[in-house]
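Chemist: Heads up, the sequence shown is in the numbering used here, so the first residue is 124 and it goes up one at a time.
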Amino acid sequence: MPSDESPAPAPVSPIELLGRVPYGRLATSMRALPFLAVARHIVSDGRILLRMHSGFGYHEACDGSVVAYGADNYNAASADEGDGLWSVQFTGPAEIVHPCPEQAELFGAAPVSANGEPFAPAYLRVDPHFVTEHTLDFGASQLVRHAA
124 MPSDESPAPA PVSPIELLGR VPYGRLATSM RALPFLAVAR HIVSDGRILL RMHSGFGYHE
184 ACDGSVVAYG ADNYNAASAD EGDGLWSVQF TGPAEIVHPC PEQAELFGAA PVSANGEPFA
244 PAYLRVDPHF VTEHTLDFGA SQLVRHAA
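Written out as structure tokens, the structure reads:
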């Protein structure tokens with residue numbers, strides 16, 4: 124007997140989810156204090172390449188250290204369409220790199236400024252050793268906006 128239900132979509136890997144949003148947050152510590160920094164990312168050869176403003180010095184604090192990089196779709200319209208919310212986090216060593224021209228092009232246009240300073244890019248590569256994914260599924264009829 125044929126079913127009216129369509130098959131469930133194939134699961135999407137965390138690295139594929141990362142490709143659905145352009146920005147995320149880098150977490151590590153600098154002088155024993157934790158910090159978060161916004162970064163633009165691309166995925167290349169299973170590794171995450173980050174572009175951030177060099178003027179803050181965060182890239183230097185991360186070079187050779189284990190970092191966490193996370194992204195989510197919490198502000199995306201897909202949640203309104205019943206697709207649910209997700210967040211992914213990748214943990215692994217980071218190192219300063221210089222992307223090849225093809226990789227640099229994938230980042231797209233850089234910001235003009237960061238905190239009023241001209242934007243000067245710095246690039247990090249994160250080799251993910253641990254991956255965490257969390258999802259929130261509201262279902263189309265359960266989504267409630269602006270709930271306290």
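For every residue, glycine included, the Cβ atom is placed at its ideal position computed from N, Cα and C.
Checking the sheet assignment: what are the DSSP bridge partners for I138?
Modeler: Locating residue 138 in the sequence shown gives position 15, where the first residue counts as 1. None, per the DSSP bridge assignment.
Chemist: Can you tell me where the alpha helix (DSSP H) holding P272 begins and where it ends?
Modeler: The structure shown does not extend to residue 272, since the chain spans only 124 to 271, so no value can be given for it.
Chemist: Between which residues of its own chain and L159 is the CB-CB distance below 8 Å, once the five residues before and five after are set aside?
Modeler: On the sequence shown, position 36 is the one that residue 159 refers to. Answer for L159: R148, L149 and A150, listed in chain order.
Chemist: From the DSSP output, which residues share a beta bridge with P251?
Modeler: Within the sequence shown, residue 251 is the residue found at index 128, counting from 1. Note: P251 sits in no beta bridge, so no partner.
Chemist: Quick one: measure Cβ to Cβ for G207 and L259, integer angstroms, because I've assumed they're closer than 8 Å.
Modeler: Working through the sequence shown from its first residue, we reach residue 207 at position 84. Working through the sequence shown from its first residue, we reach residue 259 at position 136. Right, their Cβ atoms sit about 6 Å apart.
Chemist: Span of the beta strand (DSSP E) holding Y192?
Modeler: As a first step, residue 192 must be located in the sequence shown, where it is residue number 69. Note, Y192: beta strand (DSSP E), V189 to D195.
Chemist: Check S264 in the structure and name its three-state DSSP category.
Modeler: Residue mapping note: residue 264 aligns to position 141 of the sequence shown, counting from 1. Caution is warranted here: a pLDDT of 46 is assigned to S264, below 50, making its placement in the model unreliable, and no coordinate value can be reported.
Chemist: Check A184 in the structure and name its three-state DSSP category.
Modeler: Along the sequence shown, read from residue 1 onward, the residue named residue 184 stands at position 61. Here A184 sits in helix by DSSP.
Chemist: What's the C-alpha gap between E137 and A184?
Modeler: Stepping through the sequence shown from its first residue, residue 137 is reached at position 14. Stepping through the sequence shown from its first residue, residue 184 is reached at position 61. Checking the displayed sequence, the identity of residue 137 turns out to be Pro instead of Glu. Near 26 Å, if we compare the C-alpha coordinates of A184 and P137.
Chemist: State the beta-bridge partners of G147 as determined by DSSP.
Modeler: As a working note, residue 147 is residue 24 in the sequence shown. DSSP, once it has assigned bridges, lists A162 as partnering G147.
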